[in-house]
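Counting from 227, one number per residue, gives the positions in the sequence shown under the working numbering.
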Amino acid sequence: MDSLRVICLPGLGADCRLFQDVSPLLADPVCPEWIPARGKETLGEYSVAFAERVDLSEPFLVFGMSFGGMVALEAAMRHEGFARQCRGILSVASCRDKTAIDNAFKKRAQLLAYLPDSLLRLGLVTFSERFSPHDLLENRQRMFLRAMANECDLTFFRWAVQACANWDRLPWDGDQIDVPYWQVHGKNDDVIPIPVGHADETWEDGGHLLNYTHPEQIAQALERMAGAVGGRAIALDRVNI
């Protein structure tokens, strides 16, 4: 079986370091950088622009964390070339439509517009620390989160939060997307508490950062997706995980 490229898309305020534990398990992982957003671009519009930058010459899977899962879904629904080459989307700790964006998040998004960069940066760093005890992270993972919070592009972060708060994706069923879609959520995720019935699979002992706490299970889920289309996602030296 041929290996399938896995496009890894990170969450808000994060980058490729979010996949430090999953990537070594995969045969061909790639993590493209986010492109700059244009003004008041919607999440759907941004996803189409992002899809234009993706190498669509060969089939691939997408592993989208949180915000990344939302972008992957919108790209698959709006961009014909992306949908044609995408063999599956694994959406982790994410949302499948606007009903998962609660009012508390929307209110925080409004307040964000008035925060100076210094306070926003401090807030991101402080927020990153909360995952350590809650998700039982290792020290190296905690340091990754802190570094990402210190280095993330605040202009992009502000736009992305507003785009998520204003997301207009209505509830949908499988007939509205031609790409296999599987949503995994941690039962103890308090960042995006998933509405009942939204997740295809709920991991009882998981929080928000399943990429750090459950890398092998994520790799196995990607392998099942790849296997369904005659491909392989896991690296040959890791097939027994």
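Glycine is no exception: its CB is placed at the ideal position from the N, C-alpha and C atoms. Source: prediction; values computed, not measured.
Beta-carbon within less than 8 Å of residue i's beta-carbon, same chain only, minus the 5 sequence neighbours each way: which residues are those?
| i | result |
| --- | --- |
| E430 | K413 |
| I418 | S292, A319, S320, C321, A326, H411 and H434 |
| E267 | A275, W385 and A389 |
| W408 | G314, I315, L316, S317, D426, E427, A447 and M451 |
Spatial neighbours of residue i within its chain, please: CB distance less than 6 Å, with the 5 preceding and 5 following residues excluded, ordered by chain position.
| i | result |
| --- | --- |
| I444 | V248 |
| G307 | L282 |
| G295 | S317 and S320 |
| P255 | V232, C234 and S249 |
| Y272 | A263 |
Quick check on residue i: does DSSP put it in helix, strand or coil?
| i | result |
| --- | --- |
| I444 | helix |
| W429 | strand |
| D463 | helix |
| Y407 | strand |
| V232 | strand |
| C242 | helix |
| V256 | strand |
| G456 | coil |
| R412 | Position check: residue 412 holds Gly in this sequence, whereas Arg was assumed. G412 falls in the strand class under three-state DSSP. |
| C378 | coil |
| D399 | coil |
| V387 | helix |
| N329 | helix |
| L436 | helix |
In whole angstroms, give me the CA-to-CA distance for residue i and residue j.
| i | j | result |
| --- | --- | --- |
| L345 | A373 | 16 Å |
| I460 | A253 | 5 Å |
| D426 | R304 | 22 Å |
| L448 | H424 | 19 Å |
| R538 | A301 | The structure shown does not extend to residue 538, since the chain spans only 227 to 467, so no value can be given for it. |
| D328 | R334 | 10 Å |
| K332 | N392 | 8 Å |
| P421 | S229 | 34 Å |
| D343 | R395 | 30 Å |
| R458 | N466 | 13 Å |
| E278 | A309 | 12 Å |
| P285 | V405 | 12 Å |
Hey, would you say the C-beta of residue i is under 7 Å away from at least one heavy atom of the ligand NAP?
| i | result |
| --- | --- |
| I315 | This structure simply doesn't include the ligand NAP, nor any ligand for that matter. |
Can you tell me whether residue i is buried or exposed? The criterion is at least 16 other CB atoms within 10 Å of its CB, across all chains shown.
| i | result |
| --- | --- |
| A330 | exposed |
| I261 | exposed |
| L362 | exposed |
| Y340 | exposed |
| Q367 | buried |
| D399 | exposed |
| T439 | buried |
| L462 | exposed |
| L337 | exposed |
| L269 | buried |
| P236 | buried |
| L251 | buried |
| D416 | exposed |
| N437 | buried |
| P441 | buried |
| L244 | buried |
| F370 | buried |
| L348 | exposed |
In its own chain, which residues sit with a C-beta less than 7 Å from the C-beta of residue i, not counting the 5 before and 5 after it?
| i | result |
| --- | --- |
| G239 | L350, M374, A375, C378 and F383 |
| P397 | D323 and T325 |
| Q246 | F370 |
Should residue i be flagged as near chain D, meaning a C-beta pair shorter than 8 Å?
| i | result |
| --- | --- |
| A335 | Absent from the structure: chain D. Only one protein chain is present. |
Discussion item. Extract the residue ranges of the beta strand (DSSP E) inside the stretch 240-324, only unbroken runs of 3 or more that lie entirely within it.
Written reply: 286-291 and 312-318
Practice prompt. Starting from the N-terminal side, write out each stretch of the alpha helix (DSSP H) that is 4 residues or longer and does not extend beyond the stretch 334-372.
Written response: 343-355 and 357-360
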